[in-house]
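Chains A and B, in that order, give the protein sequences. Take my numbering: the final residue in the first sequence is number 228, and no numbers are missing along the way. Take my numbering: the final residue in the second sequence is number 1228, and no numbers are missing along the way. Read through the structure below, which is laid out as structure tokens, and then see the notes.
There are 2 protein chains.
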Amino acid sequence: MVETTRLRETVRETVRDTVRETVRSAGRTTGRGAETRERILDAALESFGTIGYDGTSLDDLAAGLGIRKQTILYHYVNKRGLLGAVVDRSAGDLTAALLEVLEEEATDWQRVEALVRTVFRVALEQPLLLGLLREVSRPGSPAAPRLRSTMGPLLDRAMAWMNREMETGRMRRTDPQLVLLSAYSTVVGLATEIEVLRAAGLEPTARTVVTRRRELLRFLRTSLDPQR
Amino acid sequence: MVETTRLRETVRETVRDTVRETVRSAGRTTGRGAETRERILDAALESFGTIGYDGTSLDDLAAGLGIRKQTILYHYVNKRGLLGAVVDRSAGDLTAALLEVLEEEATDWQRVEALVRTVFRVALEQPLLLGLLREVSRPGSPAAPRLRSTMGPLLDRAMAWMNREMETGRMRRTDPQLVLLSAYSTVVGLATEIEVLRAAGLEPTARTVVTRRRELLRFLRTSLDPQR
DNA sequence: CGGACTTTCTACCAGATGGTAGAGGGACTT
DNA sequence: AAGTCCCTCTACCATCTGGTAGAAAGTCCG
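And the structure:
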């Protein structure tokens, strides 16, 4: 009830954005502006992931890049479109890395382990990605549906696979959704954790991440392994 | 570099707020305005915890309460002061609940378990608290230092206790900070988790929470129990 | 009643925000 | 050289933001 005005606005914008395109120069991937477009995405990822969507102003973003705000709005229809593009690219990176793992030949547990390691590797290489994920997974975030549509198929595939494994008895019977959710929130928790450490004045070491990963793997093993 | 202006502003405001008081009507806890003040806090907690600090406008907040924005600003010096008050009250509730547990007679492991259960119980009773925690623990949040100063002593006490237990050998030797951090991010992860579930169209059941709690307890046991 | 104090309101403002309109320049094609 | 397309810019705007000033109304006390 507090944010009635805001909500109405959100709905209207969502509809409009679906009709239009997110990226103005859709299709064109070469040309002089391609580099600018990437630079904008990089800066936006950093800003959205740290100070958040609402906390980011297009003017500040542009100033940091040494360009005018209007240049940003030339490449991306509006602020929301920019967020969409950032989410798409990031989710795309993650999806690509995961699909690569899925191509490999591996037994079930090896595959699970490989997936977890991949996610953590990507998260370590691109720590900003975790911040973005955290921001976007917030209730009412303008990009929540977008993230879902990008990552959704992959998650559905994972759940279908788990269901199959359970039917053949190679995997212990549990709720796939719950397991995936736990895994997900563990990874996102990492983002929080790293930031809290930093706020406490400690530079996060690899130790934090390793501990977390081991913990997650142990959880998955005891959840899935039919032997235990 | 992107948010130079914003950062400078933040620092200035922090200094000013430390000098002034957060609540205008400090000391007075009775009177007609007391109820209004509480209602404002309730609404602010909900808004800050869901759509975030930056996403919350004082006008919307007031409109939701059927009052004018200026009434809010009469009770709390400014927006930041309001956030401070919300954080203080929430952290106070949690601290009180934890201190109560600490008063009880209990062996070491029982006490740890009781603390964990208390935190989860409070989180379940006041789900908004988790959202707030999530918002406030964001890097550069205006209230991060405030949270630290409210909860800090309790955390220091916990760490001191753990160190003592380790010296007497009743607790396995590990890094107390890391253990507390893990516990913390597990709880905050709950907030994320619940919201993601809701976004996926599922009403979160107690099951999610129970799973998470069991997981955390197992982690703590294997981290701390000298027998294992 | 009359004054003091608390609370809520109306009126207003300076600055920032996302966004539009349209000019100008550079590069490439014909 | 002229035209076309891509890109970035200046100029401007409506709206919203947090915040201030001060009036009006209620309440309490002598």
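Where is the CB? At the ideal position from N, CA and C, for every residue including glycine.
- In the structure shown, Tyr-1074/B adopts helical secondary structure according to DSSP, grouped into three states.
- The three-state reading of DSSP puts Leu-1202/B in coil, since its state is none of H, G, I, E or B.
- In this structure, DSSP gives Glu-104/A a state outside helix and strand, which the three-state scheme calls coil.
- Pairing Ala-143/A with Val-87/A, the inter-Cα distance amounts to about 7 Å.
- Residue environment for Glu-46/A: buried (at least 16 other C-beta atoms within 10 angstroms of its C-beta).
- Contacts between Thr-1208/B and chain A, judged by CB atoms closer than 8 Å, involve Leu-178 and Leu-181 in chain order.
- Interface annotation, Pro-1142/B: not in contact with chain A, CB-CB separation never under 8 Å.
- DSSP, read as helix, strand or coil, puts Asp-1175/B in coil.
- Here the alpha carbon of Asp-1175/B sits roughly 17 Å from the alpha carbon of Trp-1109/B.
- Per DSSP, Asp-225/A lies in no alpha helix (DSSP H) and is assigned neither H nor E.
- Among the CB atoms of chain A, one or more fall inside 8 Å of the CB of Pro-1139/B.
- Interface with chain B (8 Å Cβ-Cβ cutoff): Ser-90/A is excluded.
- Per the C-alpha coordinates, the member of Thr-150/A, Gln-177/A, Ser-149/A and Glu-193/A positioned closest to Trp-161/A is Gln-177/A.
- In summary, Leu-1202/B is exposed, with fewer than 16 beta-carbon neighbours lying within 10 Å of its beta-carbon over all protein chains present.
- When secondary structure is reduced to three states using DSSP, Gln-110/A falls in the helix class.
- The C-beta distance from Leu-1216/B to Val-1116/B rounds to 6 Å, short enough to fall under 8 Å.
- Within chain A, the C-beta atoms nearer than 7 Å to that of Asp-1054/B come from Gly-52, Asp-54 and Gly-55, in chain order.
- Rounded to whole angstroms, the Cβ separation of Arg-157/A and Met-166/A is 15 Å, and the two are not in contact under 8 Å.
- Gly-1049/B counts as buried, since at least 16 other C-beta atoms from the protein chains shown sit within 10 angstroms of its C-beta.
- Scanning Gly-84/A, Val-119/A, Arg-80/A and Leu-83/A for the CA closest to the CA of Leu-99/A turns up Val-119/A.
- Below 8 Å, enough C-beta pairs join the region 204–221 of chain A and the region 180–191 of chain A to call them touching: three or more.
- Residues of chain A whose Cβ lies closer than 9 Å to the Cβ of Leu-1197/B are, in chain order, Gln-177 and Leu-181.
- Interface with chain B (8 Å Cβ-Cβ cutoff): Thr-186/A is included.
- Residue environment for Ala-1034/B: exposed (fewer than 16 other C-beta atoms within 10 angstroms of its C-beta).
- The C-beta separation of His-75/A from Arg-134/A comes to about 25 Å, leaving the pair out of contact by the 8 Å criterion.
- With a cutoff of 8 Å on beta-carbon distance, Pro-139/A and Arg-1146/B are scored as not near each other.
- A straight line joining the alpha-carbon of Asp-42/A with that of Val-1112/B spans about 43 Å.
- Interface criterion not met: the Cβ of Phe-1120/B is under 8 Å from no Cβ in chain A.
- Assigned with DSSP and collapsed to three states, Ala-143/A falls in coil, not helix or strand.
- Taking a C-beta distance under 8 Å as the contact criterion, Arg-170/A and Pro-226/A qualify as a contact pair.
- Annotation: Cβ neighbours of Phe-1219/B in chain A (cutoff 7 Å, chain order): Glu-215.
- Taking 4 residues as the minimum length, the alpha helix (DSSP H) runs contained wholly in the region 1030–1064 of chain B are 1033–1050, in order along the chain.
- Using a Cβ distance threshold of 8 Å, Leu-1129/B and Ala-1123/B count as a contacting pair.
- As the crow flies, the alpha-carbon of Ala-91/A is around 32 Å from that of Gln-1126/B.
- Bounds of any alpha helix (DSSP H) do not take in Gly-1066/B, whose DSSP letter is neither H nor E.
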